[in-house]
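Numbering (our numbering), first residue to last: 159 to 433.
In structure tokens:
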């Protein structure tokens with residue numbers, strides 16, 4: 159698949175909020191760097207409406223932007239050249255097959271570093287992995303909603319989950335998550351392409367939803383119906399200013415807020431389904 163790479167240069171204090179707002183558009187991968195970040199957009203998603211949005215948003219927020227075409231055949235080389243192992247304390251490490259093993263952690267995940275979101279570099283994925291260390295997955299059915307590389311579902315399998323369903327609307331994420339299941343010898347995880355619709359009806363003990371604010375808000379009614387009483391919902395992909403909104407939405411859909419974790423300006427929350 160061909161992409162456009164948008165090189166966004168902005169003040170350090172604005173970067174996290176800008177990424178959160180860009181993620182509400184069809185941009186599906188972000189790489190932070192000194193002085194800003196790069197946002198990647200499927201070439202087919204670039205149209206007049208998005209061009210107008212970007213121009214007006216740029217004027218409003220005062221960042222600079224440069225657009226560059228990235229042919230699909232070049233993407234894996236670009237991604238691999240920028241991918242570094244991610245180490246979450248002594249709990250978990252996420253690395254590529256071309257990196258040396260990291261024996262100092264309890265759970266080592268090996269992924270094929272393609273464009274799919276969820277490698278652990280992004281603060282939200284990092285926080286969800288941290289939160290997963292505190293949760294009990296033993297014998298539970300798990301949904302990884304918006305799975306990206308599938309790294310959260312794969313980790314849930316390592317932590318004792320009995321069955322994992324994973325779903326992503328992006329075809330490259332669907333394919334990459336399936337590939338990463340094979341690389342990590344995970345046999346109890348099934349990956350679906352789409353929204354929640356292709357996932358068979360189920361009752362989940364844990365749902366992991368690292369997406370963005372709007373998708374989570376739109377999905378909460380459905381998520382509330384598939385999480386078992388006393389089950390756990392972990393959400394991330396939104397910034398600090400959205401915290402009160404997300405807490406209120408959780409309460410409206412029968413979830414009790416348990417914990418909030420912050421990294422930079424990003425938040426992750428744990429909630430429990432009311433009995």
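The C-beta atom is built at its ideal place from N, Cα and C for all residues, glycine as well. Keep in mind it's a predicted model, so treat the numbers as computed, not measured.
query, result
"Distance, residue 412 Cα to residue 431 Cα", "6 Å"
"Beta-carbon proximity list for residue 348, same chain, < 6 Å, skipping 5 on both sides", "323"
"Residue 406 vs residue 368 beta-carbon contact at 9 Å", "no"
"Enclosing alpha helix (DSSP H) for residue 311 [first to last residue]", "309-316"
"Residue 182, buried or exposed, once every other Cβ within 10 Å from all chains shown has been counted against 16", "exposed"
"Helix, strand or coil at residue 217 according to DSSP, with G and I counted as helix", "helix"
"Sequence-distant residues of its chain with Cβ nearer than 7 Å to residue 175 (five each side left out)", "397, 423"
"Contacts around residue 371, its chain only, beta-carbon distance under 6 Å, and the 5 residues preceding and following it disregarded", "396, 400"
"Secondary structure of residue 262, DSSP reduced to three states", "coil"
"Reduced DSSP secondary structure (H/G/I, E/B, other) of residue 383", "helix"
"Paired residues, beta bridge with residue 267 - DSSP", "252"
"Residue 328 in three-state terms, based on DSSP", "coil"
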